[in-house]
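> So the first sequence is numbered by the numbering used here: it starts at 2 and just counts up by one.
Here it is: the structure, laid out below.
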Amino acid sequence: MRGEIHIGFLYQMMKRSKIKELLKSPPFGKEVLVKGWVRTKRGNRNIAFIALNDGSTINNIQIVVDTASFDDNLLKEISTGACIAVEGMLAESPGKGQNVEIQARKIEIYGKCDAETYPLQKKGHSMEFLREIAHLRFRTNTFGAVFRIRHAMAFAIHKYFNDRGFYYLHTPIITGSDCEGAGEMFHVTTLDLKNVPIDTDGEIDFSNDFFGKETNLTVSGQLEGELGALSLGEIYTFGPTFRAENSNTPRHLAEFWMIEPEMAFYDLNDNMDLAEDFLKYLIAYALENCTEDLQFLNDMIDRDLLGRLRFVLDNEFVRINYTEAVNILTTSGRKWEFPVGFGRDLQAEHERYLVETHFKRPVIITDYPKEIKAFYMKQNDDGRTVRAMDVLFPGIGEIIGGSQREEDYDKLKNRITELKLPEKDLWWYLDTRKFGTAPHSGFGLGFERMILFMTGMSNIRDVIPFPRTPKNAEF
RNA sequence: UCCUCAGUAGCUCAGUCGGUUAGAGCACCUGACUGUUAAUCAGGGGGUCCUAGGUUCAAGUCCUAGCUGGGGAGCCA
């Protein structure tokens, strides 16, 4: 073989280029090899144009085929959705619409794609239809953009925290405590569901279950996250979370991802500062690193997307306490479907009014009545409110929920007793207040809700690859 | 879970007052066209009208129940 030039050998050795690389500062005249999926093919008897996409960018590269040089049957098999490898010369494109094209010299078909049964077409599809073919929807421009942005945001989250000395802590997905207080949980068991053991009280006997006790999928990593923060200083979790609520809305999933930073020595103001800085960092990261995908979504999905992202980035969040929020709502002159008043939780219509009508920007509401918030939130001296904070975003509603945590052992224990929570399951949580307690704070960011905001998509089922919702666990 | 709207070709939809053989655009197939840009032009094939009952001489159309999906609400991130 030495010294011998063999076409097949050359082809084997040529390194595959990603389309993203070829489209920027293209080395015209160079022989290249690309591999990807056909988006469209058009042309006439003499020439064919293939738009090829390999996922590295939303943009396609144009493959120009001189039909006389290729077998008719091969060309027929290059239909929308087919996967091919193309070797050819990279050239400046004489046509309008693209600067670069590849003049094909050799084409190999990896996977044919029957045009009659392939569900994706060149034209637009409804989101509802694409959701039914979630295994193929990655191949559309919209979902390619959404999932590239989703990746970029996941990466940026880790970078943000790592750069600031936070440690990524893996809290358990299976939990033995059902007192996290965030809704219905999914049971985890190896018991035979057709023959569940019953104890003498008529209750399910979990002693022979896998863990020897009742277990569930976690609804939050917060309580365990606090344990880490009270030694490591600043930690964050980023993992899946499960809620067995029968929620059928465009903003809820039964399985979703959540980011939960937890910081020792942070008070509520530090917590708010972090939340605002964090969200703005993510927006800035997307604007800088996902430019083309965001532009596409702005053009095709939501005309106001880029403007809204820049607006949120450039403006300070409003910070008001719950009592001030209630005053604004009661003096607004509006008629509310749900009543407003101290002690009542803010409804969607109230939050929307504050964010979208009154302030017209993100709002952080703090110091809610203790009755409508979780047991672990730090109690204020007024005896009626807690150091909670909700970050409300336009179009999304609550994107972050957090608080300063109650670090006083007695106050925390009393609250647990008041709410009749199972203290025996929380002994380890209380221990951290008994042994070297510290003021600390944290919050939870719903990852998919953030992706909704970042992409302009309107249904949360379209920003997670395979959504789990009531009555739906396909794929 | 509640309220509401919808379900007709592969997709998006039209279908009159209940009336006899259910349509369009796109997609697909065939052909034409020397560089296309959601290519264009001509022709062709393609239907469990969501399911089950019911009313009627006659139901895609009206009634009842259910299923699925969208939107709104609640729960929440």
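Yeah, the Cβ is synthetic: ideal placement off N, Cα and C, and Gly gets one too.
This one's a predicted model, so the numbers in the text were calculated from it and none came from an experiment.
(1) Could you tell me which of ASN381, GLU399, SER404 sits nearest to LEU355, measuring between CA atoms?
(2) Unbroken beta strand (DSSP E) runs of length 3 or more, entirely within the stretch 248-279: which are they?
(3) Under three-state DSSP, which class holds PHE148?
(4) Taking CYS291 as the reference, which of ASN60, PRO95, GLY98 has the closest Cα?
(5) Does the beta-carbon of LEU347 have 16 or more other beta-carbons within 10 angstroms, so that it is buried, or is it exposed?
(6) Along the chain, where does the alpha helix (DSSP H) that runs through THR433 open and close?
(7) Based on the DSSP output, what are the partners of TYR169 in its beta bridges?
(8) Name the DSSP bridge partner or partners of ILE321?
(9) Where does LYS21 fall in DSSP's three states?
(10) Name the DSSP beta bridge partners of THR331, please?
(11) Rounding to the nearest angstrom, what Cα-Cα distance links PRO27 and GLY177 in this structure?
(12) I'd like the list of long-range same chain contacts for GLY1, defined as Cβ closer than 8 angstroms, with 5 residues on each side in sequence excluded.
(13) What's the gap between the Cα of ARG43 and the Cα of ARG106?
(14) Using only alpha-carbon positions, find the residue among LEU269, ASP409, LYS472, LYS371 that is nearest to GLY384.
(15) Below 8 angstroms on the Cβ atoms is my guess for ILE20 versus VAL39; work out the distance and round it to an integer in Å.
(16) Residue range of the beta strand (DSSP E) that ALA86 falls in?
(17) For ARG311, is the classification buried or exposed, using 16 other Cβ atoms within 10 angstroms of its Cβ as the cut-off for buried?
(18) Does the stretch 145-153 come close enough to the stretch 185-199 to have 3 or more Cβ pairs within less than 8 angstroms?
(19) Note down the Cα distance separating GLY37 from ILE62, rounded to an integer number of angstroms.
(20) Hey, could you find the ends of the beta strand (DSSP E) THR292 is sitting in?
(21) Taking only runs of the beta strand (DSSP E) that begin and end inside the stretch 365-427, which ones reach a length of at least 3 residues, in chain order?
(22) For PHE156, which residues from the same chain have a beta carbon less than 7 angstroms from its beta carbon, with the 5 sequence-adjacent residues on both sides left out?
(23) According to DSSP, is ALA245 part of a helix, a strand, or is it coil?
(24) Rounding to the nearest angstrom, what Cα-Cα distance links GLU465 and LEU393 in this structure?
(25) Once DSSP output is grouped into helix, strand and coil, what is the label at ARG309?
(26) So, THR216 versus GLY226, is the Cβ gap smaller than 7 angstroms?
(27) Should the stretch 62-76 be regarded as contacting the stretch 96-105, the criterion being three or more beta carbon pairs within less than 8 angstroms?
(28) Are the stretch 318-331 and the stretch 294-310 in contact at 8 angstroms, needing three or more beta carbon pairs?
(29) Residues bridged to ASN1 by DSSP?
(30) Runs of 4 residues minimum, wholly inside the stretch 107-155: which ones carry the alpha helix (DSSP H) assignment?
(31) Give the secondary structure of ALA105 by DSSP, where H, G and I count as helix, E and B as strand, and everything else as coil.
(32) Could you work out which residue in ARG138, VAL33, LEU76 is closest to ALA484 when comparing CA atoms only?
(33) Should MET273 and MET390 be called a contact, given that it needs their Cβ atoms to be closer than 7 angstroms?
(34) Going by the C-beta, is GLY37 closer than 6 angstroms to any heavy atom of the ligand GTP?
(35) Which one or two residues does DSSP pair with ILE62 in a beta bridge?
(36) For GLN405, is the classification buried or exposed, using 16 other Cβ atoms within 10 angstroms of its Cβ as the cut-off for buried?
Quick answer:
(1) Locating residue 355 in the first sequence gives position 354, where the first residue counts as 1. Of ASN381, GLU399, SER404, the residue nearest in Cα terms is GLU399.
(2) DSSP runs (the beta strand (DSSP E)) wholly in the stretch 248-279: 256-265.
(3) Residue numbering aside, residue 148 sits at position 147 when the first sequence is read from its first letter. Residue state, collapsed to three classes: helix.
(4) Within the first sequence, residue 291 is the residue found at index 290, counting from 1. Of the candidates ASN60, PRO95, GLY98, the one whose C-alpha sits nearest the C-alpha of CYS291 is ASN60.
(5) Taking the first sequence and counting its residues from 1, one reaches residue 347 at position 346. Label assigned to LEU347: buried.
(6) By one-based count along the first sequence, residue 433 stands at place 432. Its alpha helix (DSSP H) spans residues 428-435.
(7) Locating residue 169 in the first sequence gives position 168, where the first residue counts as 1. Note: TYR169 sits in a beta bridge opposite TYR237.
(8) Here residue 321 refers to the residue found at position 320 when the first sequence is read from its first residue. The bridge partners DSSP lists for ILE321 are ILE366.
(9) Taking the first sequence and counting its residues from 1, the one referred to as residue 21 is at position 20. LYS21 falls in the helix class under three-state DSSP.
(10) Numbered from 1 along the first sequence, position 330 holds the residue referred to as residue 331. Answer is none; THR331 lacks a bridge partner.
(11) Position 26 of the first sequence, counted from the start, is the residue given in the question as residue 27. Position 176 of the first sequence, counted from the start, is the residue given in the question as residue 177. Each residue's Cα considered, the two are about 57 angstroms apart.
(12) The shown model of the chain, from 2 to 476, leaves out residue 1, and the question about it has no answer.
(13) Here residue 43 refers to the residue found at position 42 when the first sequence is read from its first residue. Here residue 106 refers to the residue found at position 105 when the first sequence is read from its first residue. So the alpha carbons of these two residues sit roughly 18 angstroms apart.
(14) The residue given as residue 384 occupies position 383 in the first sequence. For GLY384, the closest alpha carbon among the candidates LEU269, ASP409, LYS472, LYS371 is that of LYS371.
(15) Position 19 of the first sequence, counting from 1, holds the residue named residue 20. Position 38 of the first sequence, counting from 1, holds the residue named residue 39. With 8 angstroms as the limit, ILE20 and VAL39 do not qualify as a contact, their Cβ atoms being about 13 angstroms apart.
(16) Position 85 of the first sequence holds residue 86. Note, ALA86: beta strand (DSSP E), 84-93.
(17) As a position in the first sequence, residue 311 is number 310, starting the count at 1. It counts as exposed.
(18) no
(19) Counting from 1 along the first sequence, the entry for residue 37 is found at position 36. Counting from 1 along the first sequence, the entry for residue 62 is found at position 61. Distance between the alpha carbons of GLY37 and ILE62: 10 angstroms.
(20) As a working mapping, residue 292 is identified with position 291 in the first sequence. Segment 292-301 is the alpha helix (DSSP H) holding THR292; no beta strand (DSSP E) there.
(21) 386-394, 398-405
(22) In the first sequence, residue 156 corresponds to position 155, counting from 1. Excluding residues within five positions, none has a Cβ falling inside 7 angstroms.
(23) Numbered from 1 along the first sequence, position 244 holds the residue referred to as residue 245. Coil.
(24) Here residue 465 corresponds to residue number 464 of the first sequence, with the count starting at 1. Here residue 393 corresponds to residue number 392 of the first sequence, with the count starting at 1. The sequence given here places Ile at residue 465; Glu does not occur at that position. Straight-line Cα distance between these residues: approximately 21 angstroms.
(25) Taking the first residue of the first sequence as 1, we reach residue 309 at position 308. Looking at ARG309 - three-state DSSP - the assignment turns out to be helix.
(26) For the purposes of this step, residue 216 is taken as residue 215 along the first sequence, with counting starting at 1. For the purposes of this step, residue 226 is taken as residue 225 along the first sequence, with counting starting at 1. No, the pair does not count as a contact, with Cβ atoms beyond the cut-off.
(27) They touch, by the three-pair rule.
(28) no
(29) Outside the displayed range of the chain (2 to 476) lies residue 1, so it cannot be described from this structure.
(30) 128-133
(31) Against the first sequence, residue 105 aligns to sequence position 104. Three-state result, ALA105: strand.
(32) There is simply no residue 484 to check, as the chain begins at 2 and stops at 476 in what is shown.
(33) Against the first sequence, residue 273 aligns to sequence position 272. Against the first sequence, residue 390 aligns to sequence position 389. Cβ distance < 7 angstroms, so MET273 and MET390 count as in contact.
(34) Absent from the structure shown: the ligand GTP. Ligands present: none.
(35) Mapped onto the first sequence, residue 62 falls at position 61. DSSP output for ILE62 lists LEU53 as bridge partner(s).
(36) Position 404 of the first sequence holds residue 405. With 16 or more Cβ atoms within 10 Å of its Cβ, GLN405 is classed as buried.
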